[in-house]
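In the UniProt record's numbering, the protein residues as written are 1 to 853.
Single-structure report; data block below.
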């Protein structure tokens, strides 16, 4: 049997497929399929069997691009004869997802068939490639590919129950899945060698450039974000249509290529309005890919061209898109300014459709500023305008965004009502990438509402499943892997929450593969993380650990992008991904607890500590947007190489317990205390509040509780070693209190040991500073400044520092940035002592130390 197709051969469902069979002595029929793509799913099968004395037929599958088998089988099977051979050739990808390729012999002396796979990438996720026999020798398996990726659940075997096993040969440039699931970690060069040089130059006041390794400015638009307005139809031109079709199906890379070519052609032919439209569309495609800087450059060009051509509609559309782009990168004022200018022009034009689009983007800007009430008002204005203009797509997007805003504003009944209307509107729209994203957003919002309106839990669960399944169907139709990844992943999350782990894992595997198809680490890490949780829930701790490692590595590759989201409130690195790191640490410590081999157990403890250090360094760099803040890491020495009389106490706060990692002369040890992170946080807050009342001892019970949790478990060991200094590496709420105040019921901790606090072992160099070489620059304010009260004791404090160290002093009127910079350039100070008012916020732009104005 031979099938030849110019496009795709698709088989779907348990009763679909291509089958040959023989019950006699002659060989079974062969199956040959040649096509651009070959796809099997949902139980489909290609089978060449022999139930008699004849050999099974051969199967030859040739796909110029991809062969994908999901929950399906490709099989040659013989009962008493030789198995048939299977040959698979795919130009780009061979994917077996919960699928099998087998050439087997059930009984008798027949030999297993051979399997040959030649592909750009061969990927197995719970996939099996088997050439097995019973009495005869097993068949041979040969896989030739640029990359061969297989998860732990996959199998490639050529075995015989009673005879010689066949041979398995895999020839591939990449054969390690852990490397493949970190798609953006490329070898760009030895940047670590450049950063210390640049940081040293900057400290000395010499000119220094910044080096940032980032392909994108932000995370591409995600379906749990506010929906942007659809493309403004400002110009219809055949040269733009190819890009429009690519954009609608979510192929933004192809849209960029098409519109760049169109823009160049229009520029060459001096078609200024068409050129402006091409630049406008190109900017929106760039933004969809997270390349916001390129988007703004293209949109600026579109605006210039529109102005030159005197085209007010094009100008308003470009201003609208520019305001939308600045919503991501800021400054916020630029976004507001461009959107206001767009609004003014749309009003002058009396263009209700464009005005509705601008209101949608204004609402998204308010939502990104955590002001859902203002966002909701903008969306409601936009809905009215879109309906008057008969803009059904835009009206559906606005209704969806309004439901999200109502939910964030705590108006849950209103949100539920709007979601129902949004779902009906979305289901009536043509299938596009953004329609699929809108349906995913609706599904997620229904899921969020379940906890706020529990009496509707089952109804909202059904609605969430309906929306997500509809999104999956659209994404399948479009072959849109970005949308498929989110649809499958979030469906998997729903099943995870209902404790249906096998279904959840199947869906999550599909989400991983879809994310890898388009190199989308922003979704990939979510599904790696989800896979790790599912494996852990099923008791597969070792497998879960490996997937968590992959997820952490993926996050490390895009941490510069994670804090810039479209249509979401500002966030922190800890809030976005901190739970991933600490869940991984939790699993590492669980694994260490059941390991009897001390060397291996220590390895897990060190990896746990290193993971927390990795998180702290990433958190610090992302807060300051500065790679020099941890420049000491490559030069820092281990503490035990510096001092034999100091130990390091590393508290890790986990949801159900405190883990204390202690660096002792005998090595790293751990102690667990059954107190939750929430309980510790409450105690720390109470201590801090009462500690500020200097005339009261009301803080003492809280100081004693913390001592009992953090220090008392260590006392039996501390009493056996020579200890002078206790080094704390606090995290979370513990960073907000002085550790010296901990109290054992008789005395403060500082009375027992010298104390040191460091934000991380790798963030500071523990080598002691020689007192004779210490040179201090002491500075501060004693006077009232801009509403901040006077600090009358600062002058005495700075004088005390001067008495102890060789120091320079800057006080009051002299406390200026220019003076500080000059002093640092002229003298090799190694300590800065600053006594002034300060404000510390999660946003570094709102963090400051007061100086003379």
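Where a beta carbon is used, it is the ideal one built from N, C-alpha and C, also for glycine.
Can you tell me whether residue 835 is buried or exposed? The criterion is at least 16 other CB atoms within 10 Å of its CB, across all chains shown. buried
Look up residue 748 in the DSSP assignment and give the residues it is bridged to. 743
First and last residue of the alpha helix (DSSP H) that includes residue 400? 392-408
Which partner residues of residue 667 appear in the DSSP bridge assignment? 664
DSSP bridge partner residues for residue 12 (one or two, in chain order): 41
With H, G and I counted as helix, E and B as strand and the rest as coil, what does DSSP make of residue 433? helix
Assuming residue 820 contacts residue 755 (C-beta within less than 8 Å), just tell me the rounded distance between them. Residue 820 to residue 755, Cβ: 29 Å. No contact.
Since residue 266 contacts residue 274 with CB under 8 Å, what's their CB separation in whole angstroms? 4 Å
I'd like to know if the segment 117-130 and the segment 88-97 are in contact, where contact means that at least 3 CB-CB pairs between them fall below 8 Å. yes
By alpha-carbon positions, which one of 30, 71, 549 ends up nearest to residue 524? 549
Output the boundary residues of the alpha helix (DSSP H) element that contains residue 17. Counting along the chain, residue 17 falls outside any alpha helix (DSSP H), though it belongs to the beta strand (DSSP E) covering 17-22.
Note down, in chain order, each residue of its chain lying with its Cβ closer than 6 Å to the Cβ of residue 362, except the 5 sequence neighbours on either side. 339, 378
State the DSSP-derived secondary structure class of residue 799, mapped to helix, strand or coil. helix
Measure the Cβ-Cβ separation of residue 852 and residue 815 and say whether it is below 7 Å. yes
Secondary structure, alpha helix (DSSP H): runs of 4+ residues fully inside the segment 266-306: 272-288
Do residue 272 and residue 309 have their beta-carbon atoms positioned less than 7 Å apart in this structure? yes
Nearest by alpha-carbon distance to residue 758: which of 726, 488, 76, 399 is it? 726
Bridge partners of residue 833, per DSSP? 778
When the Cβ atoms of the segment 605-615 are set against those of the segment 685-698, are three or more pairs found closer than 8 Å? no
From 430, 728, 831, pick the residue whose C-alpha is nearest to that of residue 772; which is it? 831
Spatial neighbours of residue 753 within its chain, please: C-beta separation below 6 Å, excluding the five flanking residues on both sides. 726
Would you check if the distance between the CB atom of residue 359 and the CB atom of residue 381 is smaller than 7 Å? yes
Within 10 angstroms of its Cβ, does residue 301 collect 16 or more other Cβ (buried), or is it exposed? buried
Give me the DSSP bridge partner(s) of residue 650. 661
Which residue spans inside the segment 417-476 form an unbroken alpha helix (DSSP H) run of at least 4? 433-452
Does DSSP put residue 753 in a helix, a strand or coil? coil
Using only the alpha-carbon positions, how far apart do residue 10 and residue 329 sit? 43 Å
Bridge partners of residue 118, per DSSP? 89, 144
Cα-Cα separation, residue 600 to residue 592: 8 Å
Just to confirm my understanding: we take residue 19, look at its own chain, exclude 5 residues before and 5 after, and list those with CB closer than 6 Å. What are they? 47
N- and C-terminal bounds of the beta strand (DSSP E) containing residue 846: It is not in any beta strand (DSSP E) - residue 846 carries neither H nor E in the DSSP assignment.
Which runs of the alpha helix (DSSP H) spanning at least 4 residues fall entirely within the segment 491-538, listed in chain order? 501-517, 521-537
What are the boundary residues of the alpha helix (DSSP H) that residue 382 is part of? 372-388
Assuming residue 394 and residue 386 are in contact, meaning their beta carbons sit under 8 Å apart, how far apart are those beta carbons, in whole angstroms? 4 Å
According to the Cβ coordinates, are residue 91 and residue 58 closer than 7 Å? no
Can you tell me which of 415, 326, 659, 613 puts its alpha carbon nearest to the alpha carbon of residue 677? 659
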